[in-house]
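Encoded as structure tokens, the structure appears first; notes follow it.
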Amino acid sequence: MAEKLFARPQSLVDVSSHYCPGCQHGIIHRLVAEVIDELGIQKKTIGVVPVGCSVLADQYFNIDSQQAAHGRAPAVATGIKRVHPENVVFTYQGDGDIAAIGMAEVVHAAARGEKITTIFVNNAIYGMTGGQMAPTTLVNQVTATSPYGRQLSSAGSPIRLSELLATLDGAKYIARVSVNDPANMTKAKKAIKTAFEVQIRGEGFALVEVVATCPTNWGKSPVEAKKWLKENMLPQFPLGVYKNIEGVQ
Amino acid sequence: MSEKVLMKGNEAIGEAAVIAGCRYYFGYPITPQSELIEYMAKRLPQVQGVFLQAESEIAAINMVYGAAGAGARVMTSSSSPGVSLKQEGISYIAAGELPCVIVNIMRGGPGLGGIQPGQGDYFQATKGGGHGDYHCIVVAPNSVQEMAELTVHAFNIADQYRNPVMILGDGALGQMMEPVDFHDLPVIPVEKPWATTGMGEREQPNQIDTLRLNPEKLEEVNNTLQKKYALLQEREVRWEETFTADAELVLVAYGISSRIAYSAMELAREKGYKVGLFRPITLWPFPKAALEKAVDKAAAVLTLELSAGQMVEDVNLAIRCSKPVHFYGRTGGMMMSPQDVFDQIVKIFATKGGK
Ligand SMILES: Cc1ncc(C[n+]2csc(CCOP(=O)(O)OP(=O)(O)O)c2C)c(N)n1
Ligand code: SF4
Chain A
0 MAEKLFARPQ
10 SLVDVSSHYC
20 PGCQHGIIHR
30 LVAEVIDELG
40 IQKKTIGVVP
50 VGCSVLADQY
60 FNIDSQQAAH
70 GRAPAVATGI
80 KRVHPENVVF
90 TYQGDGDIAA
100 IGMAEVVHAA
110 ARGEKITTIF
120 VNNAIYGMTG
130 GQMAPTTLVN
140 QVTATSPYGR
150 QLSSAGSPIR
160 LSELLATLDG
170 AKYIARVSVN
180 DPANMTKAKK
190 AIKTAFEVQI
200 RGEGFALVEV
210 VATCPTNWGK
220 SPVEAKKWLK
230 ENMLPQFPLG
240 VYKNIEGVQ
Chain B
0 MSEKVLMKGN
10 EAIGEAAVIA
20 GCRYYFGYPI
30 TPQSELIEYM
40 AKRLPQVQGV
50 FLQAESEIAA
60 INMVYGAAGA
70 GARVMTSSSS
80 PGVSLKQEGI
90 SYIAAGELPC
100 VIVNIMRGGP
110 GLGGIQPGQG
120 DYFQATKGGG
130 HGDYHCIVVA
140 PNSVQEMAEL
150 TVHAFNIADQ
160 YRNPVMILGD
170 GALGQMMEPV
180 DFHDLPVIPV
190 EKPWATTGMG
200 EREQPNQIDT
210 LRLNPEKLEE
220 VNNTLQKKYA
230 LLQEREVRWE
240 ETFTADAELV
250 LVAYGISSRI
260 AYSAMELARE
270 KGYKVGLFRP
280 ITLWPFPKAA
290 LEKAVDKAAA
300 VLTLELSAGQ
310 MVEDVNLAIR
320 CSKPVHFYGR
330 TGGMMMSPQD
340 VFDQIVKIFA
350 TKGGK
């Protein structure tokens with residue numbers, strides 16, 4: 000008897016996305032949707048999408064959702080979660096969204112131990128607005144607003160958000176993953192699942208940082224982009240679990 | 000049986016919000032509205048509600064956006080500089096057609112300004128403040144009792160029209176203690192089938208968006224909003240007038256200024272000057288037609304504000320510049336006295352060659 004081994008997750012809408020070829024937002028969406036399906040929480044999950052290339056993510060996830068102003072997703076998620084503590088609430092944010100304009104919102108949501116899950120896609124650049132410097136842009140990386148390369152002396156060094164948030168007591172699970180190869184994809188999915196489970200158990204704030212590509216704004220082919228990620232981003236943003244504290248039941 | 004309690008204006012808003020069914024409050028401290036955030040911190044846990052002191056006004060208003068989208072009756076409050084920070088969120092709330100109540104207990108500005116009462120945020124409150132073509136419904140109480148009544152009303156109409164409602168008070172009203180009766184405040188519950196509650200039994204997800212990349216879609220949304228605003232202008236205008244029927248000079252003032260104007264009017268009437276008072280209760284929608292009618296027989300108008308004269312523009316528009324509109328105001332947190340206003344009245348009558 001024929002068995003279906005691979006299908007679109009129920010939590011994803013059957014439409015083609017607007018993402019560029021080789022962009023990993025699509026893969027990350029899929030992993031999140033698979034986790035939602037596996038946990039059986041589609042009907043009680045509420046997503047908050049950011050401003051950035053994934054601003055349209057709510058058109059891809061088949062769940063209730065709200066679109067937040069640039070950087071404010073953790074505050075919006077806080078409002079939703081406080082009204083519906085029994086629901087599962089997650090934010091999906093890019094590096095510009097979470098580590099620049101929305102830095103205060105995420106730090107304080109984590110500090111409060113807000114019971115939300117954050118998926119943070121770090122592609123070291125502003126995708127949507129055309130490739131400007133992000134807080135995660137590497138030193139010497141050329142972007143539209145760092146045409147001579149990011150200068151340490153004037154623009155400082157990239158922010159390692161996972162390490163930073165891991166210092167906060169309210170943060171219960173913080174991991175950095177990548178989806179650059181199948182093995183890492185498996186690890187990424189596991190981390191995303193854990194981050195949702197931490198919320199479901201009511202423990203506190205959980206965040207998964209996904210180091211990802213932006214071939215378009217890096218000016219590279221999808222294959223070159225993956226290579227660049229591995230050689231340049233991973234040394235700066237080491238993968239691993241930065242915090243995993245079993246909360247008090 | 001009705002029983003009155005003595006309360007500060009700020010606290011009366013808080014208690015009325017609880018009566019209205021508000022169980023969520025997100026805010027950040029600022030003088031002169033701190034009694035309100037403190038009241039909510041104490042009161043909401045007693046009714047199984049949620050009080051959260053946010054890290055900033057920006058976070059607070061975005062928490063309101065989330066909670067409002069999730070279907071709750073929710074409130075935030077601040078004073079002038081804090082309300083400036085909230086403008087980003089207010090634009091999104093208006094765009095997402097989410098109901099909520101925002102309180103501005105105004106102080107003197109611009110910048111940090113002072114902590115004494117002011118009315119310099121009239122333009123910001125009534126003409127937008129954030130980006131885009133939107134309006135908050137703006138109500139301006141002038142007593143502690145009315146702060147309570149308009150708060151319940153604000154929650155009702157916010158839900159009914161899916162629109163943010165701003166209660167525009169000022170430091171004097173916020174701090175003022177007066178007897179207030181919380182009985183018989185009509186709470187009208189409204190179903191919210193559009194809210195993000197998790198899909199549950201629903202087939203289709205509920206989604207609250209404000210991005211419309213398709214220009215035609217965006218224009219359509221804007222047209223829908225404008226239709227709602229037109230309806231509000233038709234239905235939700237409130238005002239109060241005293242002795243306007245035979246007035247030769249009509250004073251126009253809202254909030255705390257209207258109380259001073261009332262005393263000045265009494266002084267003037269005692270001395271035989273035919274003076275009336277028109278008090279807009281909704282600043283947006285502005286009671287245009289009512290004002291035009293109220294000043295029909297008068298020779299002139301005197302607008303009184305704790306600002307450099309912002310409402311003057313709306314007064315002129317309402318009466319189509321058909322007669323002189325004088326202005327008297329103080330800024331910096333200074334209050335005008337009834338005597339100050341009376342002196343202005345005498346001057347205006349004198350230039351007319353009257354009394
Ligand atoms: C208040 C505000 N400031 C700036 C912008 C413009 N803007 C849109 S997306 C974006 C950057 C998004 O970058 P990132 O969060 O890294 O996400 P990506 O597009 O790379 O996925 C900016 C600055 C905006 N929409 N709102
Ligand atoms: S610009 Fe970059 S982040 Fe945005 S969709 Fe294209 S590849 Fe992805």
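Going line by line, the protein sequences match chains A and B.
So in numbering that gives the first Met the number 0, spot 44 of the first sequence is number 43, and the numbers just go up one at a time.
So in numbering that gives the first Met the number 0, spot 224 of the second sequence is number 223, and the numbers just go up one at a time.
Glycine included, every Cβ here is placed at the ideal spot set by N, Cα and C.
Between the CA atoms of residue j and residue i - distance to the nearest angstrom
| i | j | result |
| --- | --- | --- |
| B:Tyr121 | B:Gly168 | 10 Å |
| A:Gly237 | B:Asn61 | What sits at residue 237 of chain A in the sequence shown is Pro, not Gly. Cα-Cα distance, rounded: 32 Å. |
| A:Glu104 | B:Leu250 | 46 Å |
| B:Ala16 | A:Gln23 | 46 Å |
| B:Gly308 | B:Pro323 | 14 Å |
| B:Ile318 | B:Leu231 | 20 Å |
| A:Ala252 | B:Leu184 | Here chain A covers residues 0 to 248 and nothing more, so residue 252 of chain A does not appear. |
| B:Glu291 | B:Phe242 | 15 Å |
| B:Ser374 | A:Tyr91 | Residue 374 of chain B is absent from the structure shown; chain B starts at 0 and stops at 354. |
| B:Gly88 | B:Ile57 | 7 Å |
| B:Arg161 | B:Glu190 | 11 Å |
| A:Ser153 | B:Gly8 | 50 Å |
| B:Ile347 | B:Glu148 | 36 Å |
| B:Tyr91 | A:Arg7 | 33 Å |
| B:Glu37 | B:Gly48 | 14 Å |
| B:Gln123 | B:Pro109 | 12 Å |
| B:Ala267 | B:Glu247 | 12 Å |
Three-state secondary structure (DSSP) of residue i
| i | result |
| --- | --- |
| B:Ala297 | coil |
| B:Arg106 | strand |
| A:His24 | helix |
| A:Ala170 | strand |
| A:Asn243 | strand |
| A:Ser53 | helix |
| A:Asn139 | coil |
| B:Leu230 | helix |
| B:Ile255 | helix |
| B:Ile101 | strand |
| B:His325 | strand |
| B:Arg171 | According to the sequence provided, residue 171 of chain B is Ala. The question's Arg does not apply to it. Helix, per DSSP. |
| B:Leu51 | strand |
| B:Ala59 | helix |
| A:Ala205 | strand |
| B:Ile12 | helix |
| B:Ser142 | coil |
| B:Gly88 | helix |
| B:Asp158 | helix |
| B:Val236 | coil |
| B:Ile166 | strand |
| B:Glu177 | strand |
Neighbour-count burial assignment, residue i, 16 or more Cβ in a 10 Å radius
| i | result |
| --- | --- |
| A:Asp249 | Absent from the structure is residue 249 of chain A, since the part of chain A shown begins at 0 and ends at 248. |
| B:Ile344 | buried |
| B:Cys99 | buried |
| A:Glu2 | exposed |
| A:Lys188 | buried |
| A:Ala182 | exposed |
| B:Ala244 | exposed |
| B:Gln225 | exposed |
| B:Met335 | buried |
| B:His134 | buried |
| B:Asn141 | buried |
| B:Asp180 | exposed |
| B:Cys320 | exposed |
| A:Gln41 | buried |
| B:Ala67 | buried |
| A:Arg159 | buried |
| A:Val14 | exposed |
| B:Val46 | exposed |
| B:Leu276 | buried |
| B:Leu172 | buried |
| A:Val87 | buried |
| B:Glu269 | exposed |
Would you check if the segment 143 to 155 of chain A and the segment 107 to 115 of chain A touch, i.e. whether three or more CB-CB distances between them fall below 8 Å? no
Closer than 8 Å is the cut-off here; do at least three beta carbon pairs connect the segment 329 to 340 of chain B with the segment 250 to 264 of chain B? Taking a cut-off of 8 Å on C-beta distances, the segment 329 to 340 of chain B touches the segment 250 to 264 of chain B, as three or more cross pairs fall below it.
contact_flag[the segment 281 to 292 of chain B, the segment 197 to 204 of chain B] where n(CB pairs < 8 Å) is 3 or more: no
For the segment 119 to 135 of chain A against the segment 191 to 209 of chain A, are there 3 or more C-beta pairs whose distance is under 8 Å? A contact exists between the segment 119 to 135 of chain A and the segment 191 to 209 of chain A.
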